[in-house]
Every structure is written in structure tokens, then in C-alpha cells.
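Protein chains in written order, with my numbering: chain A, 1 to 95; chain B, 101 to 195. Backbone N, C-alpha and C define an ideal beta-carbon position, used for all residues, glycine too. Report on the structure given below.
Number of protein chains: 2
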Amino acid sequence: MLKELNPLLHSQLRLAIMSILMNCEEASFVYIKEQTQASAGNLSVQLEKLVKAGYITVEKKFMGKKPLTTCSVTESGKQAFEEYVNALRGYLEVK
Amino acid sequence: MLKELNPLLHSQLRLAIMSILMNCEEASFVYIKEQTQASAGNLSVQLEKLVKAGYITVEKKFMGKKPLTTCSVTESGKQAFEEYVNALRGYLEVK
DNA sequence: TAAAGTAGTTTATTTTATAAACCAAACAAA
DNA sequence: TTTGTTTGGTTTATAAAATAAACTACTTTA
Numbered sequence: 001m002l003k004e005l006n007p008l009l010h011s012q013l014r015l016a017i018m019s020i021l022m023n024c025e026e027a028s029f030v031y032i033k034e035q036t037q038a039s040a041g042n043l044s045v046q047l048e049k050l051v052k053a054g055y056i057t058v059e060k061k062f063m064g065k066k067p068l069t070t071c072s073v074t075e076s077g078k079q080a081f082e083e084y085v086n087a088l089r090g091y092l093e094v095k
Numbered sequence: 101m102l103k104e105l106n107p108l109l110h111s112q113l114r115l116a117i118m119s120i121l122m123n124c125e126e127a128s129f130v131y132i133k134e135q136t137q138a139s140a141g142n143l144s145v146q147l148e149k150l151v152k153a154g155y156i157t158v159e160k161k162f163m164g165k166k167p168l169t170t171c172s173v174t175e176s177g178k179q180a181f182e183e184y185v186n187a188l189r190g191y192l193e194v195k
């Protein structure tokens, strides 16, 4: 039987964010924005949702005089991502 | 770079419908409803969207005295599903 | 023949994603 | 030196989507 798909991860942009963070230690707001082609507003909103869920952490500092927002995935985020991927595989396979 | 995910397929219920239909020649409304646990109303709406996109066909007949709605995936639907799966794989792999 | 069940559709509501507008600081240049 | 522009965002409003509720029509059963 097909499993539930975590709705927080089943969103193109949030999935892209998680996918990027699953493949690197940390990534900046600007980098994620470039990679996903998302608008800053949309990205900001979706990052916030992932933070609230405890899937990522966001750190704000300064790089010289420019603000630098860095994101990284938490253990719980990694686990949720893996569960999502497993659930999703059930939908994708054509026997 | 991450590819666009066909929004028509990137929906849990519609993806489930397509997944079922990719694995059988045809399936009834009732069967799909059982397998997906969707409400009849929601299922009806989502099937309609897939029909409009040309991804599935729906045939309505009678089985004895009961209405029988059967669905099956079209060639274009199969293609769209496969493209979606390929695009999605880009998001899932952790290197 | 009244009530309940089956197989759906249509419409309304809620949720979600996205875009637009906005803010603050820095730099640039006239 | 104050006007405009870019960077790096956040907040709020709007559009789109998913879902649920209400409804239809016909059948079965008590």
C-alpha cells in the first residue's frame, strides 16, 4: 500500500532545499536561491517552515559588511528526508 | 541543476492514481478510492484534472445496475510520469 | 415505503505556494 | 550630500490547489 508523503517535504521548493542541504554541510541563502531559482520571498517563507519543523537550522551572521544566512539540515531533517524518499519510492516503481 | 517537477503529477493523490494506473491496464473508481484512501469527492476532482491534461481516460458504463467508472493511463500520461520520475530522482539522490 | 448504501459530482472552504511590496544597510555617483 | 541602486533579506497579500461538505441519482434492504 502507498504510504503517506510528508507534506512538508512534498513541495518542490522545500524538497529542493532539503536535497541541496543533504548534499553539503551548509549552504547560504543566496546559494540556495540561485540553485533553486526561487524568489527571495518564497525562499524565506519555505526556509522558515523547515526551521519550524526542526528539519534545518538557520544562522545569521555577517560576512564583512554583508549579511550571510547559512542553513544546514538537522539529524531529524535527515531522517525525515530519508523516510520521505522511501515512501516516495513506492509511488515511482513500475513493475 | 534540479529540474522542474510537473505540478500535475507532484501531488500525492494524483501521483498515487498515476502510480496505480502505471501498474495495471485499468482500474475502477472504487478500486482507486480504496487504494488511495481518498474521499470520493477529492478523487473525482483529481481524476478530472488528469483527464483534462490527457494523462488518463475515464470510461463510464454499468456493471449490472451499478455504475462502473474505469480509468486507464494514456501514452502521453505514461511519458509524463516517466519524465516526472526522472526529474524527481535528481532531488532524491544523496551522493 | 422509509432508511440506508453505493457511486459518484458539484460547490465551498481551507490550506498552500507564490508573488508583490516592503525594509535596512551599503555603495555609487552626480 | 542626497538621490538612486544593489544586496540580502522579511512580511503581507494574492492566486492556486487540495480537501471536505453537501448534494444527486439510483438501488437495496428491512
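Bridge-paired residues (DSSP) for residue i
| i | result |
| --- | --- |
| residue 73 of chain A | A:56 |
Host alpha helix (DSSP H) of residue i (start-end)
| i | result |
| --- | --- |
| residue 94 of chain A | That residue, residue 94 of chain A, is in no alpha helix (DSSP H); it is neither H nor E in DSSP. |
| residue 12 of chain A | 12–22 |
| residue 165 of chain B | Careful: residue 165 of chain B lies outside any alpha helix (DSSP H) and carries neither H nor E. |
| residue 134 of chain B | 129–136 |
Cβ shell of residue i (< 7 Å), same chain only, five flanking positions each side left out
| i | result |
| --- | --- |
| residue 191 of chain B | 102 |
| residue 140 of chain B | 133 |
| residue 5 of chain A | 84, 87 and 88 |
| residue 162 of chain B | 168 |
| residue 195 of chain B | none |
8 Å CB neighbourhood of residue i in its chain, flanking five on each side removed
| i | result |
| --- | --- |
| residue 22 of chain A | 73, 78 and 81 |
Residue i and residue j closer than 8 Å at C-beta
| i | j | result |
| --- | --- | --- |
| residue 33 of chain A | residue 47 of chain A | no |
Beta-carbon proximity list for residue i, same chain, < 6 Å, skipping 5 on both sides
| i | result |
| --- | --- |
| residue 138 of chain B | 113 |
Is there contact here, the segment 7–14 of chain A with the segment 70–89 of chain A, by at least three beta-carbon pairs under 8 Å? yes
For the pair the segment 71–78 of chain A and the segment 27–37 of chain A, tell me if three or more CB-CB distances fall below 8 Å. yes
Pair every Cβ in the segment 13–27 of chain A with every Cβ in the segment 44–56 of chain A, then say whether three or more of these pairs are closer than 8 Å. yes
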